[in-house]
Structures are given as C-alpha cells and as structure tokens.
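Counting in full-length UniProt numbering, the sequence shown runs from 1 upward without gaps.
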Amino acid sequence: MNESDIVPLENYLRDTIGLASDSIGRGLVMRVAQRCMSAAGAHTVAEYVVRLRNDSRLRQVLIEELVVSETWFFRDRQPFELLARLALDRSRARPLRVLSMPCSTGEEPYSIAMKLLGAGLASDAFHIDAVDISEGALAVAKHASYGSNAFRGDEGRARDMWFTPAGARWYLDERVSSQVKFHHGNLFTFAPEVRYDFIFCRNLLIYFDAPMQGTAVRLLQDLLVDDGVLFVGHAEAAVLLREGLVSWPELRSFAFTRRADRPVKAKAVSTAQAHSRVRAPSLPKERLPFSDVVRRTERTFTVQTEDASLAEIQSMADAGRVDEAALLAKAHLATHEPSAEAFYLLGIIHDARGDAGGAEAAYRKTLYLNPKHDGAITHLILLLDKRSDPEALRLRQRARRPSGRGGNA
Ligand SMILES: C[S@@+](CC[C@H](N)C(=O)[O-])C[C@H]1O[C@@H](n2cnc3c(N)ncnc32)[C@H](O)[C@@H]1O
Numbered sequence: 001m002n003e004s005d006i007v008p009l010e011n012y013l014r015d016t017i018g019l020a021s022d023s024i025g026r027g028l029v030m031r032v033a034q035r036c037m038s039a040a041g042a043h044t045v046a047e048y049v050v051r052l053r054n055d056s057r058l059r060q061v062l063i064e065e066l067v068v069s070e071t072w073f074f075r076d077r078q079p080f081e082l083l084a085r086l087a088l089d090r091s092r093a094r095p096l097r098v099l100s101m102p103c104s105t106g107e108e109p110y111s112i113a114m115k116l117l118g119a120g121l122a123s124d125a126f127h128i129d130a131v132d133i134s135e136g137a138l139a140v141a142k143h144a145s146y147g148s149n150a151f152r153g154d155e156g157r158a159r160d161m162w163f164t165p166a167g168a169r170w171y172l173d174e175r176v177s178s179q180v181k182f183h184h185g186n187l188f189t190f191a192p193e194v195r196y197d198f199i200f201c202r203n204l205l206i207y208f209d210a211p212m213q214g215t216a217v218r219l220l221q222d223l224l225v226d227d228g229v230l231f232v233g234h235a236e237a238a239v240l241l242r243e244g245l246v247s248w249p250e251l252r253s254f255a256f257t258r259r260a261d262r263p264v265k266a267k268a269v270s271t272a273q274a275h276s277r278v279r280a281p282s283l284p285k286e287r288l289p290f291s292d293v294v295r296r297t298e299r300t301f302t303v304q305t306e307d308a309s310l311a312e313i314q315s316m317a318d319a320g321r322v323d324e325a326a327l328l329a330k331a332h333l334a335t336h337e338p339s340a341e342a343f344y345l346l347g348i349i350h351d352a353r354g355d356a357g358g359a360e361a362a363y364r365k366t367l368y369l370n371p372k373h374d375g376a377i378t379h380l381i382l383l384l385d386k387r388s389d390p391e392a393l394r395l396r397q398r399a400r401r402p403s404g405r406g407g408n409a
C-alpha cells in the first residue's frame, strides 16, 4: 500500500468521526488500515471503505485502533475550579446538566462529579452525561476502577476521599459513579433531547482539521443553553477564538461562552456575569512589526516584554494572541534562568501558531530540563507521529515505564 491508496479511507475517517490522519500520523493510519483490512478480508481500500459504510462492527474495530484515549483525573485544575464556582452560582429549577464528550475511560466525568459533590452540591442538583466513540474506553469507564497512572493531575484529597484501594487498583465510590451516565456516541451525530449548562469537550478538536473543528464547534454551541459554558483543552483554545466564541477571563480555564450571534434565545445576563466576561480579541490578521506588537501587548495586558510572567504569557496565548505570546515567551527565556515550564509554554505557543519545528525544539528543551515532563512527552509524541518518526514509539515506551507515565486502566 502506498500513500495515495489510503486517501479514500482518510476521507471516510475525516467525514465520519472527524479524524485528520495527520494528527496521529499517516504511517500509523496505514499500518492500522492494513491490519484491519486483512482481518476483514478486504482486498482494496475502496472495498474496505464500502464495507465500513455498511458494517458498524467493522467500523468500530477500526475506530478502537485509531482513537487516542489518553486521560487522567483532574487533568488541568482550573477548569474544575471554575466549573464548581459557576455551578454554585447558578440556581436552576432543574438539576444542572453537564456533558463530558469525549469522556474516554471516565476520569474526566468522574472528576467533575467529585468536584461538584466536594463543592457542596447535592447529588440531585446535577447530573452528568458522558459520551465517547470508543466502546473499549466506555467499558473501562463503567467499571470505575483505576491504576495509579490515572492519578497524574491535581486531585488533592479526592483520591483518599472517593476511592477505596485494593491491591494495585483504586475503586470509585458509588456516590460518585452514580452521578454519571455513559453513552456510546459520536460528536458529529450526537443529538440529545436536552441542552447542557456545561460542556467539557477537551482534547478532541486537536485530532480534527480546521473545517471539521469549525463544524464540531458549531455543533457544540448548539448543545449549550444560552448562558452555557464550553471547556476545551489548552491546545484548543485558539480554535474557539477563531470560531468567534467568547473566552472566560479565568487563567487556564479554557472556558468559552457562545458567540453573540448564536444565542439559543435572548436572555438578560446578570451584571456580575456581564462584567466577568471579556470579548475574545480577534487574531491579528497581518504580521505586525515587533514594536507594534509590544505596544499592543502592553496596552491590552499591561505586560512588559522582559518581566511578563509565565501566567501572563499563558493567558495571552489562551486569548489567541499567539504571536505576541511567542515574543514574550522568548523575552522571558532570555531574561530568566532556563526552566522546563517556560520552554513547555513556548512549545505550546509554537504549536498553536503551526510552527512544528519551533514546538519540537522547545519540547526537547523541556525534556532536557525535566525528562519526565508529562505535557512535553505527549506533545512531542504527537509531533513525531505526524511524520511517522519511530522515535514516537520509543518515547511512548519510555512514558509507559513505571517511573514515567503510562496507560491508566
Ligand atoms: C484524548 S481523549 C480525551 C479525554 C478527556 N476529554 C480528556 O481531555 O482527558 C480523546 C477521546 O476522544 C474520543 N473520540 C474520538 N473521536 C470522537 C468522536 N468523533 N466523537 C466522540 N468521541 C470521540 C476517543 O475515543 C478518546 O477516548
């Protein structure tokens, strides 16, 4: 099989589940396709695609091979903090509705449940729908028992509070698991009867190309109530700004509200809410000279080039101002001791600007300073996968060793 043979399958995957083969590496897609085709007895890619269209089992086998179900409890702290605060603020005549899609092996929706119960919400004050396209991931999620690698986030006392250890595994308390209802589904065809107050759709858009990202964001907006909040992954914030959503000003929460021209229905926003929202700044269309960038940057964020903190630079990047953020990150690195976090942030910013070479160099420097840096390992693997570099496999193996990080279940 050569690269052009795989095109019909790539188109099929993109159109049905949104997957852009570049995002996980064309080489990987070709290897998986070859294996699945021969297991199915299909002789050509065209024949295989026809069979996929008509056979949901065959389709599911392929999907299980291609999806990346990497996740862990309390992945990023701030989105959960913001969710709890907003949930406590919002009183509804009905339980709050939360959607976690994709939920993968369950760590995200269960983290939401733990956070809301821990914040004092009664069990009947909210419920969580959790959706994923992978049946394998959902089976793990429903089992609600986890190995230690599922705990890589900032879970505080949550593990001691809500889990019972037995052997090498941790079993989730039923008071938490009963808050979550799991569904097998595809973001592009998911059509629930209700709209949600909060949606977590994190670390999925990164696997789509720009047009499919646009489609996904429109669908997600339509699943929100009028003042609903959508949480995405940190590498996905720029997509939402590009699509015109309004970013919530909390640092590193990666939370957005719907576009002003896409309301479900008109509803007055409380003054407190109106003040707490900021308009998403539009991305600069033209490349500005450095001095203009710095001037703009200072005007909007009151940040000086030399002393911008990483948090300030991060917040600028979150707001989609990636060119300015890149300049400030470099200025920061030039004036401070080298740190893994600074190089990692620079890597993320380069990634958001589509500069794969710059991102790779920055992630490598991160790993030089901190060989176990979780985020840098994950992002470097994604970059290496894109060009089918065998180093990706070595990095994955290294990450799976007990001293590194590995699969969760
Ligand atoms: C990297 S995990 C993200 C899990 C979690 N949201 C997080 O951020 O930790 C990506 C998940 O997306 C699921 N997925 C991929 N394409 C999907 C689609 N079109 N609809 C629903 N889920 C999908 C995969 O099965 C996988 O479990």
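Beta carbons are placed, not taken as given, at the ideal position from N, Cα and C, and that holds for glycine. All figures in this text were calculated on a predicted structure; none of them were measured in a lab.
Sequence-distant Cβ neighbours of I206 in its own chain, meaning closer than 8 Å and more than five residues away, are S23, G233, A235, E236 and L382.
The straight-line gap separating the alpha-carbon atoms of D15 and T215 is approximately 11 Å.
Relative to ligand 1, V68 has its C-beta within less than 7 Å of a heavy atom. Taking C-beta atoms under 8 Å as the contact rule, V225 and E243 fail to qualify, at a distance of about 18 Å. Within the chosen limit of 7 Å, ligand 1 reaches the beta carbon of D132 through at least one heavy atom. Two segments are said to touch when three or more pairs of C-beta atoms, one from each, lie closer than 8 Å; by this definition the stretch 130-147 touches the stretch 184-192. Around the Cβ of V7, a 10 Å sphere holds fewer than 16 other Cβ atoms; the residue is exposed. Under DSSP, H234 takes part in no beta bridge, so it has no partner.
Cβ contact annotation for V29 (same chain, cutoff 6 Å, sequence separation greater than five): S21, in chain order.
In the same chain as Y196, and ignoring 5 residues on each side of it, the C-beta atoms closer than 8 Å to its own belong to R97, V98, L99, D129, L223, L224, V225 and G228, in chain order.
Around the beta carbon of M316, 16 or more other beta carbons sit within 10 angstroms, so the residue counts as buried. Taking the Cα positions, A392 is about 45 Å away from R90. Approximately 33 Å separates the beta-carbon atoms of R26 and S247; this is outside 8 Å, ruling out the contact. Looking only at E312, Y171, A210 and G156, the smallest Cα-Cα distance to K142 is reached by Y171.
Boundaries of the beta strand (DSSP E) around D132: F126 to D132. Membership of H379 in the alpha helix (DSSP H) is indicated by the continuous run D374 to K386. Between F73 and A150, the gap from beta carbon to beta carbon is short of 8 Å.
Per the coordinates, the alpha-carbon of G357 lies some 12 Å from the alpha-carbon of H379.
Secondary structure of V50 (DSSP, three-state): helix. Looking at the DSSP output, I313 sits in no beta bridge, so it has no partner there. In this model, Y368 and A399 are separated by some 15 Å (Cα to Cα).
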